[in-house]
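Visitor: A single structure is presented below for examination.
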Amino acid sequence: MFARKQDDEAVDAPFWKQRGWTFSAVFLATALVIAAVSYFTGSGGTDDGGEAPRKAEKGPLTSHRPQEAGQAGRTAGERPKGCHTEDEDGGTPEEKSTARTDEQNTGGAGEARRKPGADGTNPSRPTSPPEDVAWKTLDRISVPTSPSAGPTRFDGPVWWCYAHTPMGAVMAAHGILTHMSSADWRTVAEQQLVPGAGRKQFISQRSTVSQQDVENQQPGVYSGFSLPSYSKKAAEVRLLIKSANGSLSGTTVSMRWDGGDWKVEPRSNGSLFSSATSAMSNGGYVKWGAA
1 MFARKQDDEA
11 VDAPFWKQRG
21 WTFSAVFLAT
31 ALVIAAVSYF
41 TGSGGTDDGG
51 EAPRKAEKGP
61 LTSHRPQEAG
71 QAGRTAGERP
81 KGCHTEDEDG
91 GTPEEKSTAR
101 TDEQNTGGAG
111 EARRKPGADG
121 TNPSRPTSPP
131 EDVAWKTLDR
141 ISVPTSPSAG
151 PTRFDGPVWW
161 CYAHTPMGAV
171 MAAHGILTHM
181 SSADWRTVAE
191 QQLVPGAGRK
201 QFISQRSTVS
211 QQDVENQQPG
221 VYSGFSLPSY
231 SKKAAEVRLL
241 IKSANGSLSG
251 TTVSMRWDGG
261 DWKVEPRSNG
271 SLFSSATSAM
281 SNGGYVKWGA
291 A
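Here it is, written out as structure tokens:
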């Protein structure tokens, strides 16, 4: 394992001025490119990439309020129209198999065991990647996807409909964070960042970074993940990223179940993730294949 910095270190400072962002610029590369580019351009930078920023487009995840999201009659906890994942009818295939065995052996007394995390406090944690993982390329970065954990919908720039499970939160952290370096980041931010002061701060800061500067960064590779904490309402996802020179670094992304899907919850200073820390190995992480 490696020494971790406190996630709340200098939490009120602009994220590109926090200690660790020079480090993240080297190790996290494009996957965390927003912090890296902001550090080098400074807080007063302008978007001089020669292309007008793309406007945000609304979609099914823009808000959980029906009048804003176009989902008439949908409540705050209901999934957006067209979103279906395997967990909705009682859990993953493994959990449902365990449930059937428990019911046969206990006559129904295994209810508490057969639904890990049903009370939102004691879910099973992933110990391996999804068996059905498929990698998709987004702006030179390979991103894990899964029919069982999500995303199951790919509507324009927004990849959405993640399983309401620990693995669903992990997949959402990878997908949403990567989209923040794409040209359509505004649309993704509008729909997949939790509303609030943190999101406003992120949009303001990200707007100062030219897309050309983003695209000039050398991409990193997702190497592994862990899940320090999880409930049905929120999760902390730890990402392990390998740089082009093979160095490893980790960062934590806060997730929240909001409007019927997993979203990234920005910190108050606009950062989408904690300060990066060096990792000597992938110990303590679930590895993504040979990454």
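For the sequence shown, counting from 1, position 112 maps to 112 in UniProt numbering; every step adds exactly one.
Note that beta-carbon positions come from the ideal geometry of N, C-alpha and C, so glycine has one too.
Quick one: any contact between the segment 280-289 and the segment 208-220, if contact means 3 or more CB pairs under 8 Å?
Guide: No, the segment 280-289 does not touch the segment 208-220.
Visitor: Using DSSP bridges, identify the partner residues of Lys136.
Guide: Answer by DSSP bridge pairing, in chain order: Val143.
Visitor: Within a Cβ cutoff of 7 Å, which residues of the same chain sit near Asp132, ignoring the five residues on either side of it in sequence?
Guide: Ser146, Pro147 and Ser148, listed in sequence order.
Visitor: Exposed or buried, what is residue 300 when buried is set at 16 or more other beta-carbons lying within 10 Å of its beta-carbon?
Guide: Any property of residue 300 remains undetermined from this structure, which presents the chain solely from 1 to 291.
Visitor: Measure the alpha-carbon distance for Asp261 versus Thr165 and round it to whole angstroms.
Guide: Their backbone Cα atoms lie some 10 Å apart in a straight line.
Visitor: Of the residues Arg140, Val237 and Ile176, which one's Cα is nearest the Cα of Val194?
Guide: That would be Ile176, whose Cα lies nearest to the Cα of Val194.
Visitor: Taking Pro144 as the reference, give the member of Ala276, Gly259, Pro130 and Val253 with the closest Cα.
Guide: It is Pro130 whose Cα lies nearest to the Cα of Pro144.
Visitor: If you compare alpha carbons, which of Phe154, Asn269, Met167 and Val221 is closest to Gly250?
Guide: Among Phe154, Asn269, Met167 and Val221, the Cα nearest to that of Gly250 is on Val221.
Visitor: Can you tell me where the alpha helix (DSSP H) holding Arg199 begins and where it ends?
Guide: Start and end: Ala197 to Arg206.
Visitor: Helix, strand or coil for Trp160? Go by DSSP, reduced to three states.
Guide: Trp160 falls in the strand class under three-state DSSP.
Visitor: Return helix, strand or coil for Pro228, following the three-state DSSP convention.
Guide: Of the three classes helix, strand and coil, the one that applies to Pro228 here is strand, per DSSP.
Visitor: Grab me the residues of Trp160's own chain with a C-beta within less than 6 Å of its C-beta, minus the 5 sequence neighbours each way, in chain order.
Guide: If we look at Trp160 and ignore the five residues flanking it on each side, its Cβ neighbours are Leu61, Pro151, Arg153 and Asp261.
Visitor: For Trp185, does the three-state DSSP call read helix, strand or coil?
Guide: Three-state result, Trp185: helix.
Visitor: Around the Cβ of Ser229, are there at least 16 other Cβ atoms within 10 angstroms (buried) or fewer (exposed)?
Guide: That one is exposed.
Visitor: Based on the DSSP secondary-structure assignment, which residues constitute the bridge partners of Ala276?
Guide: Bridge partners of Ala276: none, in fact.
Visitor: Counting along the chain, where does the alpha helix (DSSP H) carrying Asp213 start and finish?
Guide: It spans Gln211 to Glu215 - the alpha helix (DSSP H) in which Asp213 sits, taken as one unbroken run.
Visitor: Count the other CB atoms within 10 Å of the CB of Glu265; is the residue buried (16 or more) or exposed (fewer)?
Guide: It counts as buried.
Visitor: Output the distance between the C-alpha atoms of residue 296 and His174, rounded to the nearest integer angstrom.
Guide: Outside the shown range of the chain (1 to 291) lies residue 296, about which nothing can therefore be said.
Visitor: Return the CA-CA distance between Thr85 and Gly156, expressed in angstroms with no decimal places.
Guide: So the alpha carbons of these two residues sit roughly 19 Å apart.
Visitor: Using the DSSP secondary-structure output, state which residues sit across from Gly284 in a beta bridge.
Guide: In the DSSP output, where bridge partners are listed per residue, Gly284 has none listed.
Visitor: Here's a check: name, in chain order, each residue in its chain whose Cβ is nearer than 6 Å to the Cβ of Ala235, leaving out the five neighbours to either side.
Guide: Here the set comprises Ala169 and Met255.
Visitor: Could you pull the start and end residues of the alpha helix (DSSP H) that Met171 belongs to?
Guide: Element bounds for Met171: Pro166 to His179.
Visitor: Pick helix, strand or coil for Glu236, following the three-state DSSP scheme.
Guide: If DSSP states are grouped into helix, strand and coil, Glu236 belongs with the strands.
Visitor: To the nearest angstrom, how far is the alpha carbon of Tyr162 from that of Ala172?
Guide: Answer to the nearest angstrom: the Cα atoms are 7 Å apart.
Visitor: Alpha carbon to alpha carbon, how far is Trp185 from Phe202? Give it in angstroms, no decimals.
Guide: Each residue's Cα considered, the two are about 11 Å apart.
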